[in-house]
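What follows is a short report on a single structure.
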Amino acid sequence: MSEMTVLTEELKLIVFQLVDKEYAIPVNQVRSIEKLQYITRVPKTPPYVKGVINLRGVVTPIIDLRSKFDLTPAEPSDGTRVIIAGLQDKEVGLIVDAANDVLDVSRDSIEPPPEVVGVVEAEYIGGVVKQDRRLLILLQLDKILQSL
Amino acid sequence: MEMSQYLEVFIEESKENLQTCNEQLLELEKNPQNLSIVNEIFRAAHTLKGMSATMGYEDLANLTHKMENVLDGIRNEKIHVSPEILDVVFKSVDDLEEMVLSISNGGDGKKDVTEVVTMLQAIENGETIPSSQTMAVQETAASAVEDNASSIHYEAYEQTVIEQSFEQGMQCYELAVSLREDCLLKAARVYMVFEVLEKIGEVIKSDPTVDRLEEEQFDQSFIVTIVTNDSPLDLEKKVMKVSEVQKVEVREITHENFQSQNSVDTKAEEEQNPESKTVNPSVNEEKSIKDSNSSKESPKSSTSNKTIRVNIERLDILMNLFEELVIDRGRLEQISKDLDDPELNETVERMTRISGDLQTIILNMRMVPVETVFNRFPRMVRQLARDLNKKINIEIIGAETELDRTVIDEIGDPLVHLIRNAIDHGIEKPDIRIKNGKPEEGTVKLKAYHSGNHVFIELEDDGAGINTQRVLEKAIQKGIVSEETAVTLTDRQIYELILASGFSTAEQISDISGRGVGLDVVKATIESLGGSITIDSTEGQGSLFSIQLPLTLSIISVMLIEIGKEKYAIPLSSIIETAIVKKDEIMNAHNQRVIDFRGKVVPLVFLEDVFDVPKEKIEDEEFYSTVIVRKGEKMAGLVVDSFIGQQEIVLKSLGNYLTEVFAISGATILGDGQVALIVDCNALIK
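If you read the sequences in order, they're chains A and B.
Counting from 1, one number per residue, gives the positions in the first sequence under the UniProt record's numbering.
Counting from 1, one number per residue, gives the positions in the second sequence under the UniProt record's numbering.
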């Protein structure tokens with residue numbers, strides 16, 4: 001019975017773009033979406049930690065997902081957004097190329113990640129969603145937020 | 001009556017009263033002959049009893065009452081103070097504390113206290129000297145049965161007031177006031193009667209109590225006891241002037257009938273056996289309501305200094321709001337600097353000054369004397385000393401030193417650990433002390449004082465000190481240090497090993513300490529408060545634990561500096577001074593660039609290298625801007641590009657994702673909205 005409800009349950013996803021692929025995280029893990037603002041560099045941190053920003057009085061660390069996933073770095077453009085995402089007491093901003101969409105998908109449309117070896121981002125992928133002709137890569141925030 | 005609104009006050013005051021009991025009991029132990037101390041305890045216990053009965057915590061009231069009886073015996077020199085008796089009294093105070101704690105945690109304050117009660121009663125009965133007339137005078141009414149309804153029963157306190165008034169040549173009367181049967185607003189009439197009476201004398205007591213009278217919980221008549229200079233006839237006339245008063249009967253209480261009444265009470269009491277005493281509580285409870293009321297009216301109730309209790313949460317909110325204000329103030333300052341408009345400058349400057357004052361006040365409001373933490377230690381030390389069969393004296397210096405409330409809340413437990421440690425491991429047993437030529441009684445000295453932006457708390461004992469050899473052996477055995485590094489450690493570093501987790505040198509695990517948890521927790525707590533702990537020790541002579549704590553946690557003064565395009569903040573508390581160093585003054589020693597600073601060799605730390613600041617290297621600079629910082633005795637010169645200036649900033653954490661960033665202790669938001677990082681100088685000095 002409970003399985004049934006889970007299967008038919010809808011999941012709301014925030015869809016964003018990195019290079020040429022579309023990624024998604026559940027909307028309940030997203031606190032807000034911001035434009036890129038001045039980032040204060042924090043020394044002696046991994047290269048993908050761009051620094052911290054002042055998010056309405058709260059000092060929030062910023063992670064560059066391109067760098068985290070070993071993708072080619074790019075200069076920020078007008079479309080560049082910071083997705084403020086949080087899990088429990090951790091809150092970070094993720095730099096993405098563009099925040100595209102909010103989508104409803106049913107849980108049963110989520111498929112396990114394809115087993116490709118050698119891609120850095122593989123360990124952060126929780127599954128893929130095929131919707132219409134789009135392929136969304138579902139990210140696991142807890143993996144991304146794992147301590148430095 | 002709705003009690004919940006008073007609950008908080010009740011809990012606070014009960015804690016205070018119990019604390020007074022504790023402190024005074026300790027005093028009493030030192031000066032068993034000093035009866036004024038007993039009075040002090042008695043008063044605290046009495047208030048507690050009254051309040052708890054009013055609030056409906058019968059168990060609390062009962063136990064306090066039993067304790068009061070014993071105290072009363074001591075006061076009247078029927079019971080002699082001995083450590084055994086005090087133990088029992090201490091135990092009952094413990095139980096009381098537990099009950100109050102249970103109430104404050106939302107419990108019902110009930111507890112099985114039969115054991116203590118039996119002990120108290122044994123003391124009370126076992127040592128009671130048969131009453132004589134003289135003693136009966138002083139005898140309190142606390143445990144007496146309520147005799148016939150016509151005559152009011154007086155509590156010890158009220159008796160004293162009455163007796164004193166006799167001495168001053170005043171009269172004491174009992175007025176039986178009857179209202180007309182058709183009286184509609186009885187409470188109003190009562191109020192008017194009291195108003196009349198209070199003009200001509202001192203109302204000592206009323207039966208029923210004032211509260212009940214105000215709630216019209218009486219029939220037609222009530223009795224008021226008053227001390228006055230007026231004649232009985234005047235009294236009667238004046239009260240009769242209040243409309244709807246039907247009859248006033250004035251009965252004089254003379255010295256003689258007052259005494260005889262009391263002696264009747266005492267005799268009645270002495271005839272009682274323990275069983276009937278345990279039945280008393282309901283009666284006592286009622287009575288204590290009375291005295292809590294009557295003491296409100298009493299002229300002797302201590303003059304309250306004008307304070308109000310504010311929930312700490314509100315202060316926290318105030319503080320948070322103020323922090324926001326400080327950030328905006330910084331921003332305003334920036335704007336006015338950019339615009340350079342004289343009028344704007346003036347206004348902003350004024351605002352800065354006012355908000356500065358405001359800040360001082362808010363911070364001061366949150367300051368609490370460390371006394372609130374320290375005052376529970378004498379009690380603890382006494383108990384530990386007895387448990388361990390050691391003789392220990394605790395000396396407290398500087399208990400009035402003030403610290404931020406948040407620090408106070410956190411510092412208690414670490415100090416408990418340290419004191420337990422000092423008593424258990426530090427101070428030796430009396431026989432060993434004597435053998436080593438030390439006084440039999442060990443001393444633990446707890447000292448607090450301000451120094452600059454910090455508060456120091458020191459714990460010194462004259463015990464065995466730390467045996468470095470044993471510490472090392474243990475540390476190697478537990479794998480805390482390797483044998484190779486062990487050889488290189490200085491004494492101080494070895495002492496600090498005892499703060500490492502999983503370390504315990506006590507040969508036998510005792511209840512008090514020695515489980516190897518504790519001291520590492522101490523270190524962690526203190527460091528989380530932005531403080532530090534150092535240990536000094538001389539084997540055979542004692543140890544000194546010194547804790548350094550920041551005065552406040554949230555707003556600090558910093559020096560803003562610039563490296564490349566990045567701004568950093570250096571806490572003013574660790575800065576000694578700034579200096580411009582000429583390039584040719586820099587020397588090289590062991591691959592380390594150093595300068596000669598006032599005769600001391602100070603190593604230079606180039607922050608642009610430490611923080612990998614992206615900037616174009618300018619070679620051959622003539623001068624270096626240097627901030628001289630210190631950590632304890634050690635110093636270092638931080639080389640920066642330029643100084644921006646001093647500023648008050650609000651300390652913010654980097655969040656839970658970025659934990660433990662090297663040499664960065666936090667961040668702050670500057671006037672322009674940017675984040676600046678705060679340099680942790682302690683990490684830069686080795």
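Every residue gets a Cβ at the ideal spot worked out from N, C-alpha and C, and that includes glycine.
7 Å Cβ shell around residue i - same chain, five flanking residues per side excluded
{"i": "B:Leu344", "result": "Ser336"}
{"i": "B:Ile434", "result": "Glu440"}
{"i": "A:Gly127", "result": "Ile110, Glu111, Pro112, Pro113, Leu138"}
{"i": "B:Phe643", "result": "Met559, Ile561, Thr578, Ser625"}
Endpoints, the alpha helix (DSSP H) within which residue i is located
{"i": "B:Ile74", "result": "58-75"}
{"i": "B:Thr485", "result": "483-488"}
{"i": "B:Gly106", "result": "Looking at the DSSP string, B:Gly106 is not in any alpha helix (DSSP H), and its letter there is neither H nor E."}
{"i": "B:Gln493", "result": "491-497"}
{"i": "A:Ile125", "result": "No alpha helix (DSSP H) holds A:Ile125; the beta strand (DSSP E) holding it covers 125-131."}
{"i": "B:Cys681", "result": "681-684"}
{"i": "B:Gly356", "result": "342-365"}
{"i": "B:Phe623", "result": "Segment 623-631 is the beta strand (DSSP E) holding B:Phe623; no alpha helix (DSSP H) there."}
{"i": "B:Glu324", "result": "312-339"}
{"i": "A:Tyr23", "result": "Counting along the chain, A:Tyr23 falls outside any alpha helix (DSSP H), though it belongs to the beta strand (DSSP E) covering 21-26."}
Within chain B, partners of residue i - CB distance below 9 Å
{"i": "A:Glu91", "result": "Gly655, Asn656, Tyr657"}
{"i": "A:Asn100", "result": "Near A:Asn100 there are no residues of chain B at all, since even the closest Cβ is about 25 Å away, more than 9 Å."}
is_contact[residue i, chain A] using C-beta, thresh 7 Å
{"i": "residue 687 of chain B", "result": "Examination of residue 687 of chain B is not possible in this model, given that chain B is present from 1 through 686 alone."}
{"i": "B:Gln334", "result": "no"}
{"i": "B:Val661", "result": "yes"}
{"i": "B:Lys49", "result": "no"}
{"i": "B:Gly564", "result": "no"}
{"i": "B:Lys91", "result": "no"}
{"i": "B:Gly530", "result": "no"}
{"i": "B:Lys652", "result": "yes"}
Closer than 8 Å at the beta carbon, the chain B residues around residue i
{"i": "A:Lys50", "result": "The contacting residues do not exist; A:Lys50 stays about 11 Å from chain B at best."}
{"i": "A:Thr60", "result": "Gly655"}
Residue i: contacting residues in chain A (beta-carbon distance under 7 Å)
{"i": "B:Asp612", "result": "Pro43"}
{"i": "B:Ile423", "result": "Simply none; closest approach about 38 Å."}
Contacts of residue i in chain A (Cβ-Cβ under 9 Å)
{"i": "B:Ala676", "result": "Thr40"}
{"i": "B:Ile427", "result": "Here the premise fails: no neighbours, minimum Cβ distance about 43 Å."}
{"i": "B:Val408", "result": "Reading off the sequence shown, one finds Ile at residue 408 of chain B, where the question assumed Val. Within chain A, no residue comes near B:Ile408; the closest Cβ sits about 25 Å away, beyond 9 Å."}
{"i": "B:Ile79", "result": "Those do not exist, as B:Ile79 stays about 57 Å from chain A at its closest Cβ, beyond 9 Å."}
Nonlocal neighbours in the same chain, by C-beta distance under 6 Å from residue i, ignoring five residues either side
{"i": "B:Ile397", "result": "Lys447"}
{"i": "A:Met1", "result": "Note that A:Met1 has pLDDT 44, beneath the 50 cutoff, so the model's placement of it is unreliable and the number below is only indicative. Taken in chain order, the list of residues that qualify is empty."}
Contacts of residue i in chain B (Cβ-Cβ under 7 Å)
{"i": "A:Leu145", "result": "Tyr657"}
{"i": "A:Ile53", "result": "Val675"}
Own chain residues within Cβ distance below 8 Å of residue i, not counting five before or after
{"i": "B:Val326", "result": "Ser355, Gln359, Ile555, Glu648, Ile649, Val650"}
{"i": "B:Lys600", "result": "Met635"}
{"i": "A:Leu18", "result": "Leu65, Arg66, Phe69, Leu71, Val96, Asp97"}
{"i": "B:Glu585", "result": "Ile595, Asp596"}
Beta strand (DSSP E) segment containing residue i, residue limits
{"i": "B:Ile649", "result": "642-650"}
{"i": "A:Ile14", "result": "10-18"}
{"i": "B:Gly50", "result": "It is not in any beta strand (DSSP E) - B:Gly50 instead sits in the alpha helix (DSSP H) that spans 35-55."}
{"i": "B:Thr538", "result": "532-538"}
{"i": "B:Ile480", "result": "Here B:Ile480 belongs to no beta strand (DSSP E), and DSSP marks it neither H nor E."}
{"i": "B:Phe222", "result": "221-228"}
{"i": "B:Ala569", "result": "566-571"}
{"i": "B:Met559", "result": "555-563"}
{"i": "B:Val203", "result": "201-207"}
Minimum Cβ-Cβ distance from residue i to chain B less than 7 Å
{"i": "A:Asn28", "result": "no"}
Helix, strand or coil at residue i [DSSP, three-state]
{"i": "B:Asn656", "result": "coil"}
{"i": "B:Lys238", "result": "helix"}
{"i": "B:His80", "result": "coil"}
{"i": "B:Arg429", "result": "Looking at the sequence itself, residue 429 of chain B is Lys, so the reference to Arg does not match. Three-state DSSP puts B:Lys429 in coil, outside helix and strand."}
{"i": "B:Val407", "result": "helix"}
{"i": "A:Glu75", "result": "coil"}
{"i": "B:Phe606", "result": "strand"}
{"i": "B:Ala590", "result": "One point to set straight first is that residue 590 of chain B is His, not Ala, in the sequence displayed. Residue state, collapsed to three classes: coil."}
Contacts that residue i makes with chain A (C-beta to C-beta distance below 8 Å)
{"i": "B:Glu324", "result": "Gly57"}
{"i": "B:Ile570", "result": "Near B:Ile570 there are no residues of chain A at all, since even the closest Cβ is about 15 Å away, more than 8 Å."}
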